[in-house]
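Numbering (the working numbering), first residue to last: 1140 to 1371.
See below:
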């Protein structure tokens, strides 16, 4: 200790310059351990780590791009969908056309019924013979309805008696007939009739032309005469 104190300034003593075997050995071991920890894995271990990182990167990329890489719809599926749409549209069009055709046929059948009943009503009123007066009058009543039926029924018996007393016979012939108007279940029918009449006092009378406006009313599946007017 006396020697250390007596040493000149700036000079190191032998005690400080001497290496410490224990300390140097520990430091060297620690440095070697750290070097070993940061050195890359050699051989198979190094390739295994790189392959794992590459696979991990590929998997994460696939997950991110999965929605964008969805396969487009096939041509077969598109054709099937288009075919189904066409079939549905065609079925709807066919049903609509069928309904329109049904309505048109129904309206045409109703017009024909009105016209036929109007023509027959005019014939019934102008074709009456004294030999079959009761049956002829009953035929008129069977084809009548409404106010016309009520009025004619009240006059039926006196009319039959007059026809028999005069021994009258009249025969009507339809010259022309047509629908004047149609409104719902009712129609106006114009009928031109030629009537030939004979009786005991004047057997050879000439033909007479009459025009009638006959109102026809539909009742269920049939139609009947509801009013009769003679027009010039």
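The C-beta atom is built at its ideal place from N, Cα and C for all residues, glycine as well.
What's the C-alpha gap between residue i and residue j?
i	j	result
residue 1250	residue 1340	42 Å
residue 1230	residue 1236	10 Å
residue 1344	residue 1242	48 Å
residue 1368	residue 1224	58 Å
residue 1323	residue 1358	11 Å
residue 1270	residue 1254	29 Å
residue 1299	residue 1334	18 Å
residue 1216	residue 1239	35 Å
residue 1228	residue 1246	27 Å
residue 1320	residue 1282	20 Å
residue 1226	residue 1290	60 Å
residue 1232	residue 1327	36 Å
residue 1234	residue 1221	20 Å
residue 1370	residue 1248	27 Å
residue 1244	residue 1214	44 Å
residue 1296	residue 1351	23 Å
residue 1304	residue 1277	19 Å
Could you check which residue in the options has the C-alpha nearest to that of residue i?
i	options	result
residue 1329	1260, 1286, 1289 and 1344	1260
residue 1331	1275, 1314 and 1359	1314
residue 1362	1284, 1221 and 1275	1284
residue 1252	1371, 1280, 1360 and 1214	1360
residue 1292	1303, 1279 and 1304	1279
residue 1257	1316, 1288, 1216 and 1311	1316
residue 1308	1277, 1289, 1281 and 1336	1336
Near residue i, what residues of its chain come up, given a Cβ to Cβ distance below 6 Å and the 5 sequence neighbours on each side ignored?
i	result
residue 1325	1356
residue 1348	1333
Classify residue i: buried if its beta carbon has 16 or more other beta carbons within 10 angstroms, exposed otherwise.
i	result
residue 1148	In this prediction, residue 1148 has a pLDDT of 44, which is less than 50 and means its spatial position is unreliable; what the coordinates show is noted afterwards. Classification for residue 1148: exposed.
residue 1264	buried
residue 1272	buried
residue 1311	buried
residue 1353	buried
residue 1302	buried
CB-CB under 8 Å to residue i, same chain, minus the five flanking residues each way: which ones, in chain order?
i	result
residue 1275	1263, 1266, 1267 and 1268
residue 1306	1269, 1338 and 1339
To which residues of the same chain is residue i closer than 7 Å at the C-beta, ignoring the five residues directly before and after it?
i	result
residue 1287	1364, 1365, 1366 and 1367
residue 1346	1333, 1334 and 1335
residue 1192	Bear in mind that a pLDDT of 49 at residue 1192, under 50, signals an unreliable position, so the number given afterwards is only what the model happens to contain. Answer for residue 1192: no residue qualifies.
residue 1219	none
At a Cβ threshold of 9 Å, is residue i touching chain C?
i	result
residue 1253	No chain C appears in the structure shown, which is made up of a single protein chain.
Any alpha helix (DSSP H) of 4 or more consecutive residues that is wholly inside the stretch 1255-1297: The DSSP assignment places 1272-1281 as complete runs of the alpha helix (DSSP H) inside the stretch 1255-1297, in order along the chain (cut-off: 4 residues).
As an exercise, report each continuous beta strand (DSSP E) stretch of at least 3 residues that is fully enclosed by the stretch 1307-1338, in chain order. 1308-1322 and 1325-1337
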